[in-house]
Each structure stands twice: as structure tokens, then as C-alpha cells.
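In what follows, a structure is listed as C-alpha cells, so that the remarks can point back to it.
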Amino acid sequence: MQNGAHILIVDDHREIRELVSRALVKEGFRVSQAQDGRTMRAVMADSKIDLVLLDLMMPGEDGLSLCRGLRADSNIPIIMLTAKGDEVDRVIGLEMGAEDYMPKPFGSRELVARIRAVLRRTQDAPSAPAQAEKPKRYRFDQWLLDVGARELLRSDGVTLPLSTGEYDLLIALVERPQRVLNRDQLLDLARGRAATTFDRSIDTQISRLRKKLEADPSDPKIIKTVWGGGYTFTPAVTRE
């Protein structure tokens, strides 16, 4: 299960991000990168992240502040990366909720071993604490998505059942309207760790959803293709 885990590297130094990314990809991990807190939050909004490698010393929001924010609303494991030798900084990071820390410079083999150890300890834990009750229905265009029944209801009374794949993908889309999501993000959001890098089933599921949602599937207005980018869900969405 650890192979294919999605790791987010948060570090303001591009060279370090690229070096660590190459080492992790070589070991079978999926990797995203962020150079600051704003980018980190954007990546996490559109992807399922299994572990965050978080640099301590960054301009603007530093790693300790970001760690505190992550831990306030998520149980995603965090490994702090720090060039500081001061034990106090490490202790503070651990007290704020980081699972481990790595002092720079570090070897890629040790980092991979630490990541796998943390994932083993945390893989059965929930990725986030209990949140407010999620919507039971989503309204968009002429459709209503009933979460409990996993059905689409059209305004004229027609009801369409959804397969598991169609439902998971549609949920990922309706929760992120008007945003471009690429295939990897959609695989991540809809299927989590079951996703594989070369899985093209997203295109098939999109085609099936279009046949159910669109007046003319050959000229889609609800789920549009962004060439070279992925897909975007265009309607406004109301949550109930």
C-alpha cells in the first residue's frame, strides 16, 4: 500500500524539491511539490496527500506555522525537514504534531526509510478528524445528486443510477466546480491509493458521465475538456 503513496514536498528551494522528488519517484511514490504555504494548500485541496515533507525554514509562513495549521484540521503525517541543529526546533515541531524530523543534509535512502516507517505507523489512521456533516445532496444545472441513494435526479423526474466509479468521480467534480483537474488529481480524489500512474480509466468514466449528464455528449457543456490540462466541471453547485 505504501508504494504509490502520494507525498507532498514543501520547500522553498527548487533544487531540493527536485532532488527529493526524483529519489521518491524512483522508489515508487507519487510526488507533488509546493514552494510555500499557499501552494501547499492549493495542492492539498485538489489531491489526496498521504504524507507531507515540510521544510522548517521558509520565508513568509515558516514550517512550524504550516505544521500547526495542518494539524489543526488534518491527521496527515508530517516529517519536518530542517537545517537547524538546535534541538529546541525539533522538539517544537514534534510537539506541534510532526511524526518525525530529518536534519539537512540527509541521504535519500534514510529519507525513504523514514517515510515508509511513518506510513506504516499511520496508514490505518483516518486522514482527517471528524468534520461537519457533509452535504446530502448537490444541485447543479438541471440535476440533483443524491449522496445517500447514489443517484442522479433530473428536473423532469428521471432518475439515473450511478456506478461506483461514476459516483466517486462525480463527487470529486461537484466538490470542486470551475477548477481544472488533471487525470492524476481525479484518480487521486476518486480512487485514492488504488490509482496508478498509467491508469486511463478516468477518460472512460468521464465519457460515461457525459452520456448521463449532457444534452449532447459530443459537445459537453457540464464537464469540459481542458486540452493539455484535464477537465473542469462548469456549473455552479448548491450544497444541501
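Reminder that position 58 of the sequence shown reads as 59 in the working numbering, one-by-one numbering, no gaps. By construction, the Cβ of each residue, glycine as well, lies at the ideal position given by its N, Cα and C atoms.
Rank K27, L182 and H14 by C-alpha distance to the C-alpha of S109 and give the top, closest one. Looking at the Cα atoms, K27 is the closest of the given residues.
Go through its chain and collect everything with a Cβ distance to S33's Cβ below 8 Å, but skip five positions before and after it. For S33, where only same-chain residues beyond five positions count, the Cβ hits under 8 Å are H7, I8, L9, I10, V44, S48 and I50.
G231 vs L187 beta-carbon contact at 8 Å: Going by C-beta atoms, G231 is nearer than 8 Å to L187.
Measure the C-alpha to C-alpha separation of I77 and D157 and round it to an integer number of angstroms. Approximately 43 Å between the Cα atoms of the pair.
DSSP on E96, reduced to helix/strand/coil? In the three-state scheme derived from DSSP, where H, G and I count as helix and E and B as strand, E96 is classed as helix.
Cβ distance (whole Å) where M97 is taken to contact R72 below 8 Å: The distance from the Cβ of M97 to that of R72 is about 6 Å, consistent with a contact at the 8 Å cut-off.
Would you say D147 lies against chain B (beta-carbon separation less than 8 Å)? Within the model displayed, chain B is absent; a lone protein chain is all it includes.
Backbone secondary structure at S33 - three-state DSSP: Assignment of S33 by DSSP, reduced to helix, strand and coil, places it in the strand class.
Boundaries of the alpha helix (DSSP H) in which I203 is found, first to last residue: For I203, the uninterrupted alpha helix (DSSP H) segment begins and ends at S202 to L214.
Below 6 Å CB to CB, which residues in the same chain sit around V239 once its five sequence neighbours on both sides are set aside? For clarity, residue 239 is Thr in the given sequence; the question names Val instead. The answer, listed in chain order, is R140.
So, at 7 Å on beta carbons, what are the nonlocal neighbours of E215 in its own chain, with the 5 sequence-adjacent residues on each side left out? The answer, listed in chain order, is P221, K222 and I223.
By Cβ distance below 6 Å, which residues in the same chain neighbour Q132 in space, the five residues on each side in sequence not counted? Bear in mind that the predicted position of Q132 carries a pLDDT of just 48, short of 50, making it unreliable; the figure below should be weighed with that in mind. Nothing meets the Cβ criterion.
Classification of G64 by the beta-carbon crowding that lies within 10 angstroms, buried from 16 upward: Buried is the call here.
What does DSSP give as the partner residues of M103 in its beta bridges? BP columns for M103 point to L82.
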